[in-house]
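Chemist: Per our numbering, numbering of the sequence shown is gapless, rising by one per residue and ending at 227.
Heads up, the beta-carbon is just placed ideally off N, CA and C, and yes, glycines get one too.
All of these numbers come straight from a predicted model, not from anything done at the bench.
Before anything else, here's the structure in question.
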Amino acid sequence: MMLDDQKKKLIEAEERYRHEIAQKIRSETESIEQTADKLEKKFWDKTFDLLNSNFGLWLLSSVFISGGAAIYQITSHHYAQKLINQKDFLTCEFEIENRLNAMEYLLKKAKTIGDAQYALTPMGKSFGAVSPEFEHVNITGLFFRTYQLTGINNPKAAEYVKALEEMNLDIQQANPKSLLDDQTRNKLLKVIEILKQHSIQLIESGKGSLSF
16 MMLDDQKKKL IEAEERYRHE IAQKIRSETE SIEQTADKLE KKFWDKTFDL LNSNFGLWLL
76 SSVFISGGAA IYQITSHHYA QKLINQKDFL TCEFEIENRL NAMEYLLKKA KTIGDAQYAL
136 TPMGKSFGAV SPEFEHVNIT GLFFRTYQLT GINNPKAAEY VKALEEMNLD IQQANPKSLL
196 DDQTRNKLLK VIEILKQHSI QLIESGKGSL SF
């Protein structure tokens with residue numbers, strides 16, 4: 016079907032309108048871009064002029080000096096905290112080692128349940144603390160403290176600490192005059208030895224996580 020002249024004119028008018036609108040948009044866009052470029056150039060020209068002035072040099076030096084001082088303070092605080100954490104970690108680990116060694120030594124000599132009860136005293140407090148702050152911290156708390164300081168979680172160590180706690184509770188409730196059987200003694204010594212090995216591994220891992 017042939018389009019009549021009126022429809023053709025309408026289509027042509029629409030096409031011209033679209034073309035004009037497209038040109039106008041393109042022209043305005045180019046104008047905005049040119050204006051933005053001019054403003055940016057003007058801004059940087061003014062900025063460089065300012066920075067090259069006496070005031071600009073003073074401003075730059077003030078910013079860099081104050082900024083450098085702030086960075087120095089942050090860095091110094093970071094390293095100081097690292098040093099404190101490293102010291103606390105090693106002190107805590109030595110306390111754990113001290114207690115495990117004491118329990119191991121006394122359990123090997125224990126004859127009765129009463130002897131074993133005394134040998135397991137370091138589960139709750141130290142015979143001779145490496146640091147006064149750890150004297151009355153139980154051994155579970157000491158292991159948790161190492162986790163707080165290093166972020167290294169050792170589920171196996173936690174499992175054996177729990178096992179040692181449970182055995183300690185059983186022994187504390189037993190008759191102190193009863194003889195300590197070899198099976199109970201060996202079971203205790205085995206758990207203590209495993210914890211000692213975990214402690215050695217934790218010291219090596221902790222040194223890495225707390226290094227500068």
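Assuming S141 contacts E148 under a Cβ cut-off of 8 Å, what Cβ separation, rounded to an integer in Å, is found between them?
Modeler: That pair is no contact at about 11 Å.
Chemist: Return the CA-CA distance between K97 and N168, expressed in angstroms with no decimal places.
Modeler: If you draw a straight line from the Cα of K97 to the Cα of N168, it is about 19 Å long.
Chemist: Can you check DSSP and say which residues form a bridge with T127?
Modeler: L194
Chemist: Could you tell me the distance, in whole angstroms, from the CA atom of F109 to the CA atom of S193?
Modeler: 33 Å
Chemist: Does DSSP put E150 in a helix, in a strand, or in coil?
Modeler: coil
Chemist: Check each candidate in T136, G166, P137, V176 and name the one with the smallest Cα separation from T155.
Modeler: Answer by Cα proximity: V176.
Chemist: Expressed to the nearest angstrom, what Euclidean distance is found between the alpha-carbon atoms of Q163 and L179?
Modeler: About 21 Å.
Chemist: Would you say P191 and T136 are within 8 Å of each other, going by their C-beta atoms?
Modeler: Between P191 and T136, the CB-CB gap reaches or exceeds 8 Å.
Chemist: Within 10 angstroms of its Cβ, does L184 collect 16 or more other Cβ (buried), or is it exposed?
Modeler: exposed
Chemist: Quick one: what does DSSP say F109 is sitting in, helix, strand or coil?
Modeler: Assigned with DSSP and collapsed to three states, F109 falls in helix.
Chemist: Using only alpha-carbon positions, find the residue among A173, E174, T161, A117 that is nearest to A144.
Modeler: Of the candidates A173, E174, T161, A117, the one whose C-alpha sits nearest the C-alpha of A144 is A117.
Chemist: Do L121 and L210 have their CB atoms nearer than 8 Å?
Modeler: no
Chemist: Are K205 and M182 close, meaning C-beta to C-beta below 8 Å?
Modeler: Taking 8 Å as the cut-off, the Cβ atoms of K205 and M182 do not count as close.
Chemist: For F142, does the three-state DSSP call read helix, strand or coil?
Modeler: coil
Chemist: Along the chain, where does the alpha helix (DSSP H) that runs through A178 open and close?
Modeler: 170 to 188 is the extent of the alpha helix (DSSP H) around A178.
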